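Everything below concerns the one structure shown next.
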Ligand SMILES: Cc1cc2nc3c(=O)[nH]c(=O)nc-3n(C[C@H](O)[C@H](O)[C@H](O)COP(=O)(O)OP(=O)(O)OC[C@H]3O[C@@H](n4cnc5c(N)ncnc54)[C@H](O)[C@@H]3O)c2cc1C
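Numbering (our numbering), first residue to last: 2 to 310.
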């Protein structure tokens, strides 16, 4: 009989994976967490976090990520800096193949590789990320109180978030490449009735302007090619989110457009495989629920490992 290297492997070291790791290490499981970059995930690239409990003054994403990692280290969570290239999760022994060709095996796996927002990939966007360019209205809306801002996008999320942003901003310009929205009629009607929202039709953002902070955007008319500029203090890029699922065997896991489906114990359709955080099919993608789901996923993994004895 093949013996697995570990009881549990966690794939991804963001808030979901690190929390699962803290629970697993405290439960004295034989666990290893695999992370291809700096632990902390998307939090590492977040300028300021104001909505994670326990930090009344807020905390920089970098510092929060360091605290997550330090807490995992306190319990001696084994971590391996490596990229997972592929997996076979179908049998009782789960196989994880790394980019360098090494294969690790375990009895249970928690998938926490996260997701990433789609970017416009235009000049100024990267440079001004966190300095007026945002990808998450739930995270950053209160930073834009009384300011003039824009939303790039026209789907349900973009329009719902534009409506939410009007609670804080003095004006929200919705920049959309066509002359009609993709959002459902009911959401569109709410947006059209909101006098803080202005629509900039048939337009794409071609450049984010500003030196230290966003000062405006350059727009191109998709019909005439004419260029204009719009002065503003914030740009929300809300054009979808992509799961980091390139290494996942999606034919072995029930999923929703590549986001993994779970039950309320964070169990996937595959026995012994749990998922948590942004990779899951769900409505809200925040640090606090990623961490919560990581804890639940670890408890489900413990229950599964117990059932094998
Ligand atoms: C710009 C921005 C600002 C945000 N601000 C806030 C905020 O203020 N408050 C808030 O609550 N939420 C915020 N969020 C959302 C929050 O960051 C995410 O919901 C949260 O990080 C999800 O955690 P996760 O562990 O599921 O995934 P992630 O944080 O995405 O971590 C996944 C980890 O898995 C690793 N990984 C992926 N693929 C592989 C592989 N093949 N091999 C090995 N490792 C792999 C990645 O390197 C990464 O470290 C923000 C998001 C963005 C993009």
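Backbone N, C-alpha and C define an ideal beta-carbon position, used for all residues, glycine too.
Note that this is a predicted model, so its numbers are computed, not measured.
Which same chain residues, not among the five before or five after residue i, have their C-beta less than 6 Å away from its C-beta?
i: residue 114; result: 12, 13, 245, 280
i: residue 40; result: 14, 70
i: residue 224; result: 203
From the DSSP output, in three-state form, read off residue i for me.
i: residue 348; result: Past the edges of the chain, shown from 2 to 310, lies residue 348, and the structure says nothing about it.
i: residue 172; result: strand
i: residue 43; result: helix
i: residue 2; result: Only weak support is given to the placement of residue 2: the predicted model assigns it a pLDDT of 47, under 50, and the question is left unresolved by the model.
i: residue 235; result: strand
i: residue 277; result: coil
i: residue 35; result: strand
i: residue 131; result: coil
i: residue 75; result: helix
i: residue 30; result: coil
i: residue 1; result: This structure leaves residue 1 out entirely; the chain is present only between 2 and 310.
i: residue 260; result: strand
i: residue 270; result: coil
i: residue 118; result: strand
i: residue 81; result: strand
i: residue 62; result: helix
i: residue 143; result: helix
i: residue 221; result: strand
i: residue 100; result: coil
i: residue 250; result: coil
i: residue 216; result: coil
i: residue 284; result: coil
i: residue 230; result: strand
Sorted by chain position, which residues of the same chain lie with C-beta nearer than 7 Å to residue i's C-beta, five sequence neighbours on each side aside?
i: residue 290; result: none
i: residue 72; result: 23
i: residue 292; result: 16, 17, 20
For my contact list, residue i and residue j are in at a C-beta cut-off of 8 Å; report their separation, rounded to the angstrom.
i: residue 238; j: residue 184; result: Not quite, the Cβ-Cβ distance comes to about 16 Å (not below 8 Å), so this is no contact.
i: residue 211; j: residue 217; result: 7 Å
i: residue 311; j: residue 142; result: Residue coverage of the chain in this structure runs from 2 to 310, which leaves residue 311 outside it and unanswerable.
Any chance the CB of residue i is under 7 Å from a heavy atom of ligand 2?
i: residue 113; result: In the structure shown, ligand 2 is absent; the only ligands present are ligand 1.
Are the C-beta of residue i and some C-beta of chain B separated by less than 8 Å?
i: residue 282; result: Looking for chain B here will not work: only one protein chain is present.
For the region 151 to 209, list the beta strand (DSSP E) runs that are entirely contained and at least 3 residues long, ordered along the chain.
172 to 176, 198 to 201
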